[in-house]
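Beneath this line is the structure, given in structure tokens, with notes to follow.
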Amino acid sequence: GRKVILDSDTASDDTIAILLSSRLFDLLGVTIVAGNVDYDSQVKNCLFSLEYFRCSDVPVFLGSKRPIMGQWRTVPEVHGKNGLGDWDYPEPKKIPEKEDAVDAILRLSREYDGELEVLAISPLTNLALAYLKDPSIATRVKKVWIMGGAFSRGNTTPFAEFNFWVDPEAAKIVLDAGFDVTIVPWEVTEEYGVIDTETWKKIETMGTKLSEFFVRANRTLRDFSISQGNPGSVHPDSLTVYLAYDNSSVIESRRLRVDIETCSKTRGGMIVDWYSKENANAEVVLKADGKKFRDTLLSILSSF
Ligand code: BDR
2 GRKVILDSDT ASDDTIAILL SSRLFDLLGV TIVAGNVDYD SQVKNCLFSL EYFRCSDVPV
62 FLGSKRPIMG QWRTVPEVHG KNGLGDWDYP EPKKIPEKED AVDAILRLSR EYDGELEVLA
122 ISPLTNLALA YLKDPSIATR VKKVWIMGGA FSRGNTTPFA EFNFWVDPEA AKIVLDAGFD
182 VTIVPWEVTE EYGVIDTETW KKIETMGTKL SEFFVRANRT LRDFSISQGN PGSVHPDSLT
242 VYLAYDNSSV IESRRLRVDI ETCSKTRGGM IVDWYSKENA NAEVVLKADG KKFRDTLLSI
302 LSSF
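In terms of the UniProt record's numbering, the sequence shown opens at residue 2 and continues consecutively.
Below, the structure is given as structure tokens:
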């Protein structure tokens with residue numbers, strides 16, 4: 002299978018991204034970064050998820066506990082206070098690795114030179130720090146998939162999507178580093194990554210251990226998404242992992258110049274030059290096959 006690292010601020014949909022990447026890829030490790038909820042809860046959520054999914058052998062590496070600059074706020078209103086819909090799940094037995102996430106990313110980029118892909122579904126702090134420590138990583142990583150950015154409606158400020166808003170400097174560093182990048186922006190996930198009420202009900206009545214996990218972990222996310230006017234829960238992270246796996250589900254994308262605003266009220270905003278030509282630095286996904294994503298998710302959730 003394709004060798005991947007998943008970089009995650011593990012809360013609700015991140016766990017489903019962990020599930021999909023463990024089933025669709027050779028998941029070499031999950032690296033944890035500051036973002037959605039408090040750091041220790043994120044780590045616990047990740048360890049518990051891997052145990053529950055029966056892939057305890059996937060190592061978890063601890064990375065940056067804060068963004069490179071400035072303050073950020075966590076979003077318990079989106080994911081629940083513990084990030085997993087306040088599910089009081091049993092204490093995981095699994096423990097994180099001693100090796101730091103930034104070092105693990107650099108080491109794996111050497112071990113799998115030209116092969117490693119990074120699925121970044123979180124603020125980009127860990128990857129930016131890895132690049133700053135050793136810029137040659139950009140030539141070794143085959144591909145970076147990023148869930149982040151909004152070009153028309155930010156979900157955290159009017160301009161900014163959460164992941165880019167938490168660490169705009171990291172996003173800028175990663176985008177300027179010369180990686181082969183594909184971005185799945187917020188708007189695309191809100192349109193094609195929704196688990197509507199009908200699909201949610203199917204999952205609720207499926208009766209597998211994984212479907213039960215899905216419902217418990219994403220209950221608060223669903224309430225929040227609906228309160229924002231969506232027809233169901235929005236799953237940006239798992240959609241991104243799915244599109245990374247099945248490129249044919251990307252229906253429309255464009256190579257464009259993307260920059261990140263780091264100042265003032267528009268901090269974290271993604272600036273897209275829609276007319277860019279030779280200076281393009283990212284492939285931006287614009288349309289995707291949401292049905293294929295949902296079908297694959299349902300089939301994985303039905304497996305046990
Ligand atoms: C992003 O922010 C997080 O809350 C989600 O997990 C996703 O990565 C969406 O803006």
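Cβ atoms here follow ideal geometry from the backbone N, Cα and C, with glycine treated the same way.
Contact check, residue i vs residue j, beta carbons under 8 Å
{"i": "Ser9", "j": "Ile33", "result": "yes"}
{"i": "Arg154", "j": "Glu188", "result": "yes"}
{"i": "Asp168", "j": "Pro237", "result": "no"}
{"i": "Trp201", "j": "Gly233", "result": "yes"}
{"i": "Thr157", "j": "Gly84", "result": "no"}
{"i": "Val185", "j": "Leu130", "result": "no"}
{"i": "Val38", "j": "Leu7", "result": "no"}
{"i": "Lys95", "j": "Glu52", "result": "yes"}
{"i": "Ala102", "j": "Lys66", "result": "no"}
7 Å Cβ shell around residue i - same chain, five flanking residues per side excluded
{"i": "Val235", "result": "Thr190, Glu191, Gly194, Val195, Ser226"}
{"i": "Met207", "result": "Leu302, Ser303"}
{"i": "Phe215", "result": "Ile17, Ile204, Leu302"}
Same chain, Cβ closer than 8 Å to residue i, five either side skipped, listed in chain order
{"i": "Thr209", "result": "Leu302, Ser303, Ser304, Phe305"}
{"i": "residue 325", "result": "Because residue 325 is not part of the residues shown, which for the chain are 2 to 305, the question remains open."}
{"i": "Asp114", "result": "Arg141"}
Identity of the residue in the options nearest residue i by Cα
{"i": "Ser57", "options": "Leu63, Gly64, Ser65, Cys47", "result": "Cys47"}
{"i": "Ser13", "options": "Glu116, Ile122, Val103", "result": "Ile122"}
{"i": "Gly291", "options": "Arg111, Ser265, Thr241", "result": "Thr241"}
{"i": "Val251", "options": "Val285, Ile261, Ser277, Ile272", "result": "Val285"}
{"i": "Asp177", "options": "Pro159, Thr198, Ile138, Phe152", "result": "Ile138"}
Spatial neighbours of residue i in its chain, beta-carbon cut-off 6 Å, leaving aside the 5 residues before and after
{"i": "Ala281", "result": "Arg256, Leu257, Arg258"}
{"i": "Arg295", "result": "Thr200"}
{"i": "Ser212", "result": "Ile204, Leu302"}
{"i": "Ala283", "result": "Val182, Ile184, Val259"}
{"i": "Asp27", "result": "Gly2, Lys4"}
Residue i: CB within 7 Å of a non-hydrogen atom of ligand 3
{"i": "Trp73", "result": "This structure does not include ligand 3; its bound ligands are ligand 1."}
Coil, strand or helix - residue i by DSSP
{"i": "Phe54", "result": "coil"}
{"i": "Arg263", "result": "Before going further, note that residue 263 is Thr rather than Arg in the sequence given. Three-state DSSP puts Thr263 in coil, outside helix and strand."}
{"i": "Arg255", "result": "strand"}
{"i": "Gly233", "result": "strand"}
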